[in-house]
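What follows is one structure encoded as structure tokens, with my remarks underneath.
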Amino acid sequence: MRTKIVAGNWKMNNDKKESKQLIKDLKKSIKAEKLENTRVIVAPTFVNLSSSIKAAKNSKIEVVAQNMHQAKNGAYTGEISANMLKAIGIKTVILGHSERRTYFNETDKGLAEKVDAVLENELETIFCFGELLEDRKSDHHFTVVKDQIANALFHLDKVAWKSIILAYEPVWAIGTGETASAEQAQEMHAFIRSIIEKKYNKEVADEVSILYGGSVKPANAEEIFSKPDVDGGLIGGAALNVADFTGIIKAI
Ligand code: PGA
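Residue 192 in numbering that gives the first Met the number 0 sits at position 193 of the sequence shown; the count goes up by one each step and never skips.
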């Protein structure tokens, strides 16, 4: 059975005190939830990872990183490597978020290298991708998504896919209040699973969790999560509010 996942990407929000408080509040609010076969993830900023890990101790909440550099070490001012994250207890790293692609010029090639560094360090990645509005309007969304996945992930062997979580995030739905409809999400997720099956096999395709991201809120989460190929969500804005995030967790 595929694992269900609700992951909160905090982006550049929450200082140390706010991060600890949000985790503390979340711990309390999800205590009564059963959450079988469901992972709850939060991604604070780099400087708050250690204190957040401490705050999340003895709970369901997993703390993950939002990004990393592909090199082990060296002259890369301002960057952080996979082994550094691993050394403080991080097990999972988000890669390829559209904000990284847009504002920091991340490319498929660079992302393929980052994925390799994740795997070399026996970490796991939540790998993000998704089309722009113009791609969808010109009916290129399937090709764009296929290329993003193929370019960064199709050099991997089958075993490596155990460490991959996919997050489909149509760029036009991120932070805009506009979500893909549940049908649009399902259509794309089924397509993604079909290309993975074609490249690898049915087992790999059936096992990989595919999250949807883009303006998921408590009000629309249940419908989106009810679709057979949607295994959870990558949540931005709504993950900053404990009631909203809990509502989304309950929806799964
Ligand atoms: P949003 O962000 O939920 O605020 O749209 C999603 C994301 O960027 O992962």
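Beta carbons are placed, not taken as given, at the ideal position from N, Cα and C, and that holds for glycine.
Alpha helix (DSSP H) segment containing residue i, residue limits
{"i": "leucine 239", "result": "Run containing leucine 239: none; DSSP gives neither H nor E here."}
{"i": "glycine 109", "result": "107-119"}
{"i": "alanine 74", "result": "Run containing alanine 74: none; DSSP gives neither H nor E here."}
{"i": "leucine 48", "result": "48-55"}
{"i": "aspartate 24", "result": "15-29"}
{"i": "alanine 151", "result": "140-152"}
{"i": "proline 227", "result": "Proline 227 -> no alpha helix (DSSP H), and no H or E assigned at all."}
{"i": "asparagine 82", "result": "81-86"}
{"i": "glutamate 98", "result": "97-102"}
Contact test: residue i Cβ vs the ligand PGA heavy atom, cutoff 7 Å
{"i": "histidine 68", "result": "no"}
{"i": "leucine 233", "result": "yes"}
{"i": "alanine 184", "result": "no"}
{"i": "asparagine 8", "result": "yes"}
{"i": "valine 215", "result": "yes"}
{"i": "alanine 237", "result": "yes"}
{"i": "glycine 246", "result": "no"}
{"i": "isoleucine 173", "result": "yes"}
{"i": "alanine 202", "result": "Note on identity: in this sequence residue 202 is glutamate, with alanine being the wrong assignment. The answer is no for glutamate 202."}
Residue range of the unbroken beta strand (DSSP E) whose run includes residue i
{"i": "isoleucine 4", "result": "3-8"}
{"i": "threonine 124", "result": "123-128"}
{"i": "valine 92", "result": "91-94"}
{"i": "threonine 44", "result": "Neither: threonine 44 is in no beta strand (DSSP E) and is coded neither H nor E."}
{"i": "alanine 166", "result": "163-167"}
{"i": "glutamate 61", "result": "60-62"}
{"i": "leucine 131", "result": "Where leucine 131 is concerned, there is no enclosing beta strand (DSSP E), given that its DSSP letter is neither H nor E."}
{"i": "isoleucine 234", "result": "231-234"}
7 Å CB neighbourhood of residue i in its chain, flanking five on each side removed
{"i": "lysine 59", "result": "Ile29, Leu34, Val39"}
Beta-carbon proximity list for residue i, same chain, < 8 Å, skipping 5 on both sides
{"i": "serine 208", "result": "Arg1, Thr2, Lys3, Ile4, Ile164, Leu165, Asp230, Gly231"}
{"i": "glutamine 283", "result": "Shown here, the chain extends from 0 to 251; a query on residue 283 therefore has no answer."}
{"i": "glutamate 206", "result": "Arg1, Trp160, Lys161"}
Cβ neighbours of residue i in the same chain (closer than 6 Å, five flanking residues each side left out)
{"i": "lysine 113", "result": "Gln69, Leu94"}
{"i": "glutamate 78", "result": "His68"}
{"i": "leucine 132", "result": "Trp171"}
message: Quick check on the DSSP output: what are the complete beta strand (DSSP E) runs of length 3 or more inside the segment 174-215, in order along the chain?
response: Qualifying beta strand (DSSP E) stretches, in chain order: 209-212.
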